[in-house]
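This report concerns only the one structure given below.
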Amino acid sequence: MLQYFQFPKFLLKLRISQTAKFLYMILYDRARISRKNSWIDKYGNVAPSKVTEKYKSNKYHEVNYCYGEGESL
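Mapping of the sequence shown onto this note's numbering: residues 24 to 96, in sequence order.
Here you go:
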């Protein structure tokens, strides 16, 4: 199966670097996978799957710590 990133049209209008656009696509893809796997903290924030894997066994960190309280994708 061919894998690809979705490129939203609104990114074409923004005056940001190509790297920032690519980063947006990667983070959006990771968040989509995390939502699909129900990796959501108690505040409703979605954590990218790589972040969740890194911190899920660490008792000193919660998923919301990775982004900061109140932020979401």
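Glycine included, each C-beta is placed from N, C-alpha and C at the ideal position.
Point to revise | Whole-angstrom distance between D64 and L96, CA atom to CA atom | key: At L96 the pLDDT is 44, less than 50, meaning the model places this residue with poor confidence and gives no usable figure here.
Exercise for review: State yes or no: is the C-beta of L34 within less than 8 Å of the C-beta of Y47?
Suggested key: Cβ distance < 8 Å, so L34 and Y47 count as in contact.
Practice item. Apply the 10 Å Cβ neighbour rule to S40 and answer buried if 16 or more other Cβ atoms are within range, or exposed otherwise. Key: It counts as exposed.
**Study point:** Per DSSP, the bridge partner or partners of I63
**Key:** DSSP links I63 through a beta bridge to V69.
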